[in-house]
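Chemist:
In full-length UniProt numbering, the protein residues as written are 1 to 293.
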């Protein structure tokens, strides 16, 4: 569970609703503090049990490079409502949602897409769906279903959530972990509010997806996009070596964020934002050269 270190929106960042043909999605929008956005926009997709707030610490810095940056809650997450139908939460269905959001955000221009953790599995579906993208970044994500400690947490959630409900999961699992980690009271209150706002059907369906996702590296490697694999040096989700191997298979740029765990945007925001801006600018230059070449 990504845990933001602060919740106050920085200057230039506001809460928005993105209206698409597939529905309305809660978002945080960051704009440059001066001038108009001259670069192509970026769209950030959170992970399982996460939300748009996981990106608060990088939004202002990313926008300062001259682009509009949007972080969203996927369907069924926190402030975006979702249906009772489990099929709405498959990676393919969520990927189609992100495609629709990207089309609105891009307004005809390509969009830099980033998916964090489970969001990476969703974002690759968007890319394979043929969305108009400038680049794809997989942040702390993997080639297939999650393994390791977070896999165990996912399986525990699948076993307990349908029987005991979200309140039980919070009181017995997540709150004790947050308190043991010394998370401040206001952030703990937010984590509780966010968890309980998730659609329970969505959480169960997404847990199945994050545990059972197939390996699609071969397809993704052939999609023709600039790809970046970025992860924390001490990631406790997909093992760093597995992500490095995925980057090699994808012929993707690979950035390891020193000192970070599973949420580099929270744990090392400046390093992460600098790496993203550098990658996005280079991808954009290559695409524009190609278009005009």
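Here a beta-carbon is modelled for each residue, glycine too, at the ideal position from N, C-alpha and C.
(1) Just how far apart, CA to CA, sit residue 167 and residue 207?
(2) DSSP state of residue 6, grouped into three classes?
(3) For residue 102, does the three-state DSSP call read helix, strand or coil?
(4) Measuring alpha carbon to alpha carbon, tell me which of 256, 216, 195 ends up nearest residue 79.
(5) DSSP beta-bridge partners for residue 294?
(6) Tell me which same chain residues have a C-beta within less than 8 Å of the C-beta of residue 133, skipping the five on either side of it?
(7) Could you tell me which uninterrupted alpha helix (DSSP H) segments, each at least 4 residues in length, are contained entirely in the stretch 49-124, listed from first to last along the chain?
(8) Can you tell which of 33, 273, 1 has its C-alpha closest to the C-alpha of residue 48?
(9) Looking only at C-alpha atoms, which of 107, 99, 135, 144 sits nearest to residue 121?
(10) Under three-state DSSP, which class holds residue 135?
(11) Exposed or buried, which one is residue 99 when buried takes at least 16 other CB atoms within 10 Å?
(12) Per the DSSP calculation, residue 43 is bridged to which residue(s)?
(13) How do the stretch 52-63 and the stretch 86-95 stand: do at least 3 beta-carbon pairs fall below 8 Å, yes or no?
(14) Compare the beta carbon distance of residue 315 and residue 41 with 7 Å and say whether it is the shorter of the two.
(15) Distance check for residue 89 and residue 39, CA to CA, integer angstroms please.
(16) Is it buried or exposed for residue 8, if we count other Cβ within 10 angstroms and need 16 for buried?
(17) Report yes if the C-beta distance between residue 31 and residue 63 is below 7 Å; otherwise report no.
(18) Near residue 140, what residues of its chain come up, given a Cβ to Cβ distance below 8 Å and the 5 sequence neighbours on each side ignored?
(19) Between 3, 124, 26, 281, which has its C-alpha nearest residue 77's C-alpha?
(20) Under 6 Å Cβ to Cβ from residue 22, same chain only, skipping five residues before and after it: list those, please.
(21) I'd like to confirm the pairing. Which residues does DSSP put opposite residue 20 in its beta bridges?
(22) Residue 201 and residue 73: beta carbons closer than 7 Å?
Modeler: Concretely, from the data shown:
(1) 17 Å
(2) coil
(3) helix
(4) 195
(5) The requested residue 294 is not part of the displayed model; the chain covers only 1 to 293.
(6) 102, 110, 111, 112, 113, 126, 127, 225
(7) 56-64, 91-106
(8) 1
(9) 144
(10) strand
(11) buried
(12) 70, 113
(13) no
(14) Residue coverage of the chain in this structure runs from 1 to 293, which leaves residue 315 outside it and unanswerable.
(15) 31 Å
(16) exposed
(17) yes
(18) 47, 116, 117, 120, 230, 231, 232, 235, 237, 238, 243, 262, 263, 264
(19) 26
(20) 97, 100
(21) 23
(22) no
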